[in-house]
Amino acid sequence: MIRPACLGDETAIRECTISAYQRYVAVIGRKPAPMTADVTSQIMAGHVYVATDDEDRPVGVIVFYPDDDNAMILENIAVAPEYEGKGIGKRLIATCENAARKQGFPHVRL
20 MIRPACLGDE TAIRECTISA YQRYVAVIGR KPAPMTADVT SQIMAGHVYV ATDDEDRPVG
80 VIVFYPDDDN AMILENIAVA PEYEGKGIGK RLIATCENAA RKQGFPHVRL
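For the sequence shown, the residue numbers in the numbering used here are 20 to 129.
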């Protein structure tokens, strides 16, 4: 299931994001921006959605929001490594695309 994130999801969202992006720290020499993002503010702004397992625990996350440039901005997408390859990322992106259509945006920008 995909649903809007709530503040109670914050720890799980951070863990998911860190586990998904950790492999890139050595490659780029620093933590990628999603690992240090202000998740609390993003959740409170309504910009975060989570994919959950059968027990409603977040296993994937997407952050997106409308931009003044007539586009939906997809800022971050992460799936816990143990859930990769199960279509979760595709469903999260579809959620962003559907929100963009409903809000009248012609495209999604990364």
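Even for Gly, the Cβ is constructed at its ideal location relative to N, Cα and C.
When the alpha-carbon of ASP57 is set against those of GLY48, GLY108 and THR30, the nearest one is in THR30.
Taking 8 Å as the cut-off, the Cβ atoms of PRO23 and TYR40 do not count as close. Going by DSSP, LEU93 is part of the beta strand (DSSP E) stretching over 90-98.
Looking only at PRO85, GLY104 and VAL44, the smallest Cα-Cα distance to ARG120 is reached by PRO85. Taking all protein chains shown into account, MET91 has 16 or more neighbouring C-beta atoms within 10 Å of its C-beta and is therefore buried. PRO53 and GLY108 have their C-alpha atoms roughly 16 Å apart. Straight-line spacing of the CA atoms in GLU94 and ARG128 works out to 8 Å.
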